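There are 2 protein chains.
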Amino acid sequence: MLLHEPSKQDITEAYDRIKSQIHRTPLLTSETLNKMLGCELYFKCENLQKVGAFKFRGASNAVLSLNKDDLEKGVITHSSGNHAAALSLAARMKNVPAYIVMPITAPEIKKKAVAGYGAQITFSEPTVKSREETAAKIVAETGATFIHPYDNYTIIAGQATCAKEILEEVNELDYLISPVGGAGLVSGTCLSANYFSQNTKVIGAEPKGADDAFRSLRDKTIYPSINPETICDGLLTQLCEKTYSILTKYLNEIITVNDESTICAMKIILERMKIIVEPSSAITLGVVMDNPDKFRNKKVGLILSGGNVDLDKLPWIKTKN
Amino acid sequence: MLLHEPSKQDITEAYDRIKSQIHRTPLLTSETLNKMLGCELYFKCENLQKVGAFKFRGASNAVLSLNKDDLEKGVITHSSGNHAAALSLAARMKNVPAYIVMPITAPEIKKKAVAGYGAQITFSEPTVKSREETAAKIVAETGATFIHPYDNYTIIAGQATCAKEILEEVNELDYLISPVGGAGLVSGTCLSANYFSQNTKVIGAEPKGADDAFRSLRDKTIYPSINPETICDGLLTQLCEKTYSILTKYLNEIITVNDESTICAMKIILERMKIIVEPSSAITLGVVMDNPDKFRNKKVGLILSGGNVDLDKLPWIKTKN
Chain U
0 MLLHEPSKQD ITEAYDRIKS QIHRTPLLTS ETLNKMLGCE LYFKCENLQK VGAFKFRGAS
60 NAVLSLNKDD LEKGVITHSS GNHAAALSLA ARMKNVPAYI VMPITAPEIK KKAVAGYGAQ
120 ITFSEPTVKS REETAAKIVA ETGATFIHPY DNYTIIAGQA TCAKEILEEV NELDYLISPV
180 GGAGLVSGTC LSANYFSQNT KVIGAEPKGA DDAFRSLRDK TIYPSINPET ICDGLLTQLC
240 EKTYSILTKY LNEIITVNDE STICAMKIIL ERMKIIVEPS SAITLGVVMD NPDKFRNKKV
300 GLILSGGNVD LDKLPWIKTK N
Chain Z
0 MLLHEPSKQD ITEAYDRIKS QIHRTPLLTS ETLNKMLGCE LYFKCENLQK VGAFKFRGAS
60 NAVLSLNKDD LEKGVITHSS GNHAAALSLA ARMKNVPAYI VMPITAPEIK KKAVAGYGAQ
120 ITFSEPTVKS REETAAKIVA ETGATFIHPY DNYTIIAGQA TCAKEILEEV NELDYLISPV
180 GGAGLVSGTC LSANYFSQNT KVIGAEPKGA DDAFRSLRDK TIYPSINPET ICDGLLTQLC
240 EKTYSILTKY LNEIITVNDE STICAMKIIL ERMKIIVEPS SAITLGVVMD NPDKFRNKKV
300 GLILSGGNVD LDKLPWIKTK N
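One line per chain: the protein sequences are U and Z, in this order. Residue 6 in numbering that gives the first Met the number 0 sits at position 7 of the first sequence, and the numbers go up by one each step. Residue 34 in numbering that gives the first Met the number 0 sits at position 35 of the second sequence, and the numbers go up by one each step.
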């Protein structure tokens, strides 16, 4: 496991480590959207990544970085989302156990997804205390390695491989826009842009109703994410020291987007590009739609981070109760 | 324009004619769906074709096959669907007019789509008589060439290029499944399988509530499509002499699917593959889901013919009025 901010070599090594088990996801373009928005957009489709999210990159790098003894004891995390699914699949591909601590209140669909990847789920009360105690107990019993979804340099190096692929495929991007939650993905994106394409500015896309990272960078202190209100359910977490430090050094800016724009972007991506993405991904297009002047005639990469959506509740459709 | 059933050379020439202006659409696979259904599925993503449907292949071939004089006078069709959009775009790419006759009752979204591709729309009453009279009048005035959506060998040769691409990419497919409406696509698919992969059996997928082609082939007579009832709004039309004749010679069988299976297939494709397809396309997966024994351990190509869906009315979501 990496104990320092990933170097160029760390990211290259991460990519070599994981490339045979991840999808090299397509970088799609849309003439219609380019015309509509007056810029050149490149959509990196991590919704087509294994488990439907970029999280599989970091999780794969974490699992494949373990030494033989640790690997056999397995991995553990507490999460109910894409990181849990990603870690479960990465562990299964090495035939080692994945222990997932989930709040008993997690949606059925997420429990099923993680169980489907062969993880051993332990339910906790829906409090931080219960979750951490439950995880600590399993670590003590099994010796499994705890893999945090973003407060982990090996995870960040894995997520950085996404931007590395983009920058290999398209030269001289003016901007690269990544969603901001706990900031594992955007941190990795910043590092890859710094190492592989110095003139590409990285922008973080954050929901207006969960703008703790925006405020944290502005005020130079890490704010907790308290009662976030947004449809972007993958972007509710707060920065940690590691991601804060990377963003402070390399991130150009954070632009916040309201949910209305994000929903509109999600629908346009489905309508025009025929692919489904999470609100937490569509927000990157929301940034461009909200700021046409800034991006006019620019080459812009957008990371569509995931596509795991509850298809019974699409946000632009009012459903019957 | 072709006056005979397309030969191998006609299809190869069609492909050479259109290949620079169509997308070579991806052929996707899904480990999850393969495991779920016990077979090897290859999804040809014509939902990612220009205008969001395979129709752009045939329309391009028709427009690009016109001689210089005819080309300048433009093209005309009556349709409110994907063929109209496809013909409009193919004409615009050659800077010639496209005249589209549409019933005044056509959905707003379809009028907008066709208008967006620069076509000149003329509205008719929603009857066959009014539609044909309106078209005849425009032909008389402009000298434009009428391009039927499927009763046209040049169109059929264009649609055949879809299966040609599939069969170039994957060897020894056991089955190739295409939706059946007026049968331009499935006819072209039959021809390409016959010329390029003799051991591949072609299956037509038809809605149970619009099974006129199934009955026509069984009873050796072309039945009209009367009051079809299905969610597959691209598959409401009936066979013509040309398509009937090709299917009689080369089609292995038609399998009918009820809308419940089709809707389920559409949702699974969105959930697992993250792409949206029309019900008229999802029906091909419905065939496999309904007949697991037939397809077990087989290599099966499925043509996902289009992705133009009203996103405000997804069939598995009950909306508020």
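A virtual CB, placed ideally from N, CA and C, is assigned to each residue, including glycine. Predicted, not measured: the structure shown is a model, and the values here were computed from it.
Using beta carbons (cut-off 9 Å, strictly below), is U:G51 in contact with chain Z? By this cut-off, U:G51 is an interface position.
Please confirm if Z:V113 has its CB atom under 9 Å from at least one CB of chain U. Among the CB atoms of chain U, none fall inside 9 Å of the CB of Z:V113.
Quick one, which residues of the stretch 20-49 of chain Z are near chain U if we go by CB-CB under 7 Å, in chain order? Result list: N46, L47.
Please go through the stretch 231-317 of chain Z and give each complete alpha helix (DSSP H) segment of 4 or more residues, from N-terminal end onward. Complete alpha helix (DSSP H) runs here, min 4: 240-249, 258-267, 278-289, 291-294.
Beta-carbon proximity of U:K43 to U:L303, cut-off 9 Å: Going by C-beta atoms, U:K43 is nearer than 9 Å to U:L303.
Under the rule that 16 or more other beta-carbon atoms within 10 Å means buried, what is Z:N94, buried or exposed? With fewer than 16 Cβ atoms within 10 Å of its Cβ, Z:N94 is classed as exposed.
Proximity test, Z:T220 beta-carbon vs the ligand MG heavy atom, cut-off 8 Å: Absent from the structure shown: the ligand MG. Ligands present: none.
Determine whether the Cβ of U:T261 lies closer than 9 Å to any Cβ atom of chain Z. Chain Z contact via Cβ: absent.
Where DSSP assigns a beta bridge to Z:Q119, which residues make up the other side? As computed with DSSP, Z:Q119 is found in a beta bridge with Z:Y98.
Nearest neighbour of U:D258, chosen from U:T199, U:T220, U:D289 [CA to CA]: Nearest to U:D258 by C-alpha distance, out of U:T199, U:T220, U:D289, is U:D289.
Just reading off the beta strand (DSSP E) that U:K43 is part of, what are its end residues? Boundaries of the beta strand (DSSP E) around U:K43: 39-44.
So is Z:T283 in contact with chain U if we call contact Cβ pairs under 9 Å? Among the residues facing chain U, Z:T283 is not included, as its CB has no counterpart in that chain under 9 Å away.
DSSP three-state assignment for U:E12, whether helix, strand or coil: It is helical.
What whole-angstrom Cβ distance do U:I154 and U:A83 have, given they're in contact under 8 Å? Not quite, the Cβ-Cβ distance comes to about 13 Å (not below 8 Å), so this is no contact.
Find the residues of chain Z that neighbour U:I302, judging by a C-beta separation of less than 9 Å, and give them in chain order. Those do not exist, as U:I302 stays about 15 Å from chain Z at its closest Cβ, beyond 9 Å.
Closer than 9 Å to chain U by CB, Z:D173: No Cβ of chain U is located within less than 9 Å of the beta carbon of Z:D173.
Beta-bridge partners of Z:I202, as assigned by DSSP: Z:I176, Z:E252.
U:A52 (DSSP reduced to helix, strand or coil): Look at U:A52 here: in three-state DSSP terms it is strand.
According to DSSP, simplified to helix, strand and coil, what is U:I75? DSSP places U:I75 in strand when its eight states are reduced to three.
What's the gap between the Cα of Z:I176 and the Cα of U:I103? Roughly 43 Å separates the two Cα atoms.
Please tell me whether Z:T76 has its Cβ less than 9 Å away from any Cβ of chain U. Among the CB atoms of chain U, none fall inside 9 Å of the CB of Z:T76.
Pick helix, strand or coil for Z:T144, following the three-state DSSP scheme. In this structure, Z:T144 counts as strand in the three-state DSSP scheme.
Measuring alpha carbon to alpha carbon, tell me which of U:T318, U:K72, U:K54 ends up nearest U:A143. The option with the nearest alpha carbon to U:A143 is U:K72.
Backbone CA spacing between U:L32 and Z:P314 [nearest angstrom]: When rounded, the distance between both Cα atoms is 26 Å.
Which residues share a DSSP beta bridge with U:L26? Bridge partners of U:L26: U:K43.
Compare the Cα-Cα distances from U:I274 to each of U:Y174, U:G306, U:G57 and report the closest residue. Taking only the C-alpha atoms, the option nearest U:I274 is U:G306.
Own chain, CB closer than 8 Å to U:I10, minus 5 neighbours either side, in chain order: Cβ neighbours of U:I10 beyond the five flanking positions: A156, A159, T160, K163, G187, L190, S191, Y194.
Tell me the rounded alpha-carbon separation between U:D46 and Z:E270. At residue 46 of chain U the sequence reads Asn, which differs from the Asp that was named. The alpha-carbon atoms of U:N46 and Z:E270 are separated by roughly 11 Å.
Measuring only the C-alpha atoms, how far is U:L40 from U:L301? Each residue's alpha carbon lies about 7 Å from the other.
What three-state label does DSSP hand U:T31 in the structure shown? Note: U:T31 maps to helix in three-state DSSP.
Please report whether the beta-carbon of Z:D232 lies at a distance below 9 Å from any beta-carbon of chain U. Taking Cβ atoms only, chain U never reaches closer than 9 Å to Z:D232, which makes this a no.
Please report the straight-line C-alpha distance between U:L216 and Z:L234, rounded to a whole angstrom. If I take the Cα positions, the gap works out to 55 Å.
Contact set between Z:E132 and chain U, taken where Cβ atoms lie within less than 9 Å: Result: empty, since nearest Cβ-Cβ is about 34 Å, beyond 9 Å.
Assumed close pair Z:K317, U:T318 - CB separation to whole angstroms, cut-off 8 Å: About 6 Å separates the two Cβ atoms, so the contact holds.
Tell me, to the nearest whole angstrom, how far the beta carbon of Z:A212 is from that of Z:I253; I am working on the premise that it is less than 8 Å. At roughly 6 Å, the Cβ-Cβ gap stays under 8 Å, so Z:A212 and Z:I253 are in contact.
So U:Q158 is in the alpha helix (DSSP H); what residue range does that whole segment cover? Here the alpha helix (DSSP H) through U:Q158 covers 152-168.
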